[in-house]
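Trainee:
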Ligand code: GLY
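Numbering (the numbering used here), first residue to last: 6 to 323.
Structure, rendered in C-alpha cells:
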C-alpha cells in the first residue's frame, strides 16, 4: 500500500484575506505529518502530527486560533481513531491546552476510557505532563473580534445558532473550520484525527460533532477513514463520517462519490453546511464540501496536491 496523508483546514465562508494563511498552513501540516508516514511510519503518528501542526497555527480554528464561547473562553474538542483495532480517544470542553489532539491520543493509549471531558480532561492532561497554559493564553485578537461581531449580529436578532433548521446566510458564514487528517500507511492501517475550537458564541459547555465517533471522526481498516468539518449540530444529527463509510461499504460507490453524496444530502435535509475528507481501504481519496470554501490537501507519490475553492486544484513536487 502506498502511504497517503490527507488533511482539511475547515469548511466555511472563508474570506479572501484568510485564504493564503489557510493554504500555507495546510502545506506545512502535510509536510510535518508526512515525515512520520514515510519509511515505514504509522498513520496514527502522521495524523496526530498533521493536526498538531495546525493547532499551532492561528489560521485554523483549533488549539491556538480557537474561536471563543459566549463568555470569551476557549473550549476545545478533539478525537483520534485507529482503524486497525477501532481504538479511539476523545476529549471535550478542554481548556488551556495547546494540543487537544495529543491529549486525545493519551486518553486512547493510557486509560480504559474513550472519552473524557472538562475539568477531568484537564486534570488527566496535567497528569500526563502536558503543560497547562494560563487562562487566556489561547485567546487571539481575531477570535475576540469574531465574538464581538457575533454578539452584534445576535443583538440585531440575526443569530439563533441553536435552531439549526432555520440557519440563515449569516450564520452559515462562521460555522466549522475545524481541522482534521486521515492517513493510510504502508501496512494498510488507517487513522483519523480531528480537532476544533467549536463555533463562535457557543454556549458554555456546548459540545460539537468533532469529538463524537461516527460524526467528526471514524476509522475502520475494513472500510476507510473520514474526518469532517462544518456545523456541529448538523453533522452530529447526520452521523456524517459513519454515513460516508457505510455508503462505501454497502452501496459500493467510490470514496469521492460517497463523500459528495452524503455531504450534499446532509445540507439538503438539514440546511447546515460542512465538508469531509475520506480515504478508503484501497487508498482512494474523497474530498467534498457544501460550504463556500474548505482548505484541503494531500501528499501521495511525492506530490503535494491542495485547494480551497470548488473545482480548483494546485500541485507541487515535494
Ligand atoms: N464542527 C465543529 C463544531 O461544530 O464544533
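No residue lacks a Cβ here, since even glycine has one placed at the ideal position from N, Cα and C.
What's the C-alpha gap between residue 37 and residue 56?
Mentor: 9 Å
Trainee: Going by the CB atoms, is the gap between residue 81 and residue 95 shorter than 8 Å?
Mentor: no
Trainee: Return helix, strand or coil for residue 305, following the three-state DSSP convention.
Mentor: In this structure, residue 305 counts as strand in the three-state DSSP scheme.
Trainee: Within the continuous alpha helix (DSSP H) that includes residue 71, where are the two ends?
Mentor: No alpha helix (DSSP H) contains residue 71, which DSSP labels as neither H nor E.
Trainee: If we count the other Cβ atoms within 10 Å of its Cβ and call it buried at 16 or more, is residue 274 buried or exposed?
Mentor: exposed
Trainee: Exposed or buried, residue 139, counting other C-beta atoms within 10 Å across all chains shown (16 or more means buried)?
Mentor: The residue is exposed, with fewer than 16 neighbouring Cβ atoms inside 10 Å.
Trainee: Tell me, please, whether the segment 243-262 touches the segment 208-221 by the rule of three or more beta-carbon pairs shorter than 8 Å.
Mentor: Taking a contact to require three or more Cβ pairs closer than 8 Å, the segment 243-262 and the segment 208-221 qualify as touching.
Trainee: So residue 257 is in the beta strand (DSSP E); what residue range does that whole segment cover?
Mentor: It is not in any beta strand (DSSP E) - residue 257 carries neither H nor E in the DSSP assignment.
Trainee: State the start and end residues of the unbroken beta strand (DSSP E) segment that holds residue 91.
Mentor: Per DSSP, residue 91 belongs to no beta strand (DSSP E) and is neither H nor E.
Trainee: Let me check understanding here. Comparing Cα to Cα, which of 20, 230, 13 and 74 lies closest to residue 206?
Mentor: 74
Trainee: Among 291, 248, 116 and 133, which one has its Cα closest to the Cα of residue 187?
Mentor: A check of alpha carbon separations from residue 187 across 291, 248, 116 and 133 identifies 291 as the nearest.
Trainee: Write down the C-beta distance between residue 230 and residue 88 rounded to the nearest angstrom, noting that I regard them as a contact closer than 8 Å.
Mentor: 6 Å
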